[in-house]
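**Q**
In my numbering, the protein residues as written are 251 to 326.
(1) Indicate whether residue 309 and residue 275 have their beta-carbon atoms separated by less than 8 Å.
(2) In the DSSP assignment, find the alpha helix (DSSP H) that holds residue 294 and state where it starts and stops.
(3) Determine the burial state of residue 332: buried for a count of at least 16 other Cβ atoms within 10 Å of its Cβ, exposed for fewer.
(4) Nearest to residue 311 by CA position, among 294, 291, 324 and 270, is which residue?
(5) Helix or strand or just coil, what does DSSP make of residue 252?
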């Protein structure tokens with residue numbers, strides 16, 4: 251495979267992964283809004299907070315990877 255074809259293939263992989271990460275972020279934002287409802291039971295509140303923190307962590311990880319891939323794509 252020529253280096254031009256390899257570069258184009260790599261660029262396509264980056265663009266695909268960037269699209270996937272954008273979908274992950276959109277889903278995480280929807281989940282965050284959906285779980286924002288108040289819970290009367292302390293156990294429910296704790297479970298909801300744990301889930302919220304998990305979603306925030308997933309979002310932060312996706313954002314960091316998105317930045318990295320976008321920078322790599324800009325370098326192609």
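Every residue gets a Cβ at the ideal spot worked out from N, C-alpha and C, and that includes glycine.
**A** This is what the structure holds:
(1) yes
(2) 292-324
(3) Absent from the structure is residue 332, since the part of the chain shown begins at 251 and ends at 326.
(4) 270
(5) coil
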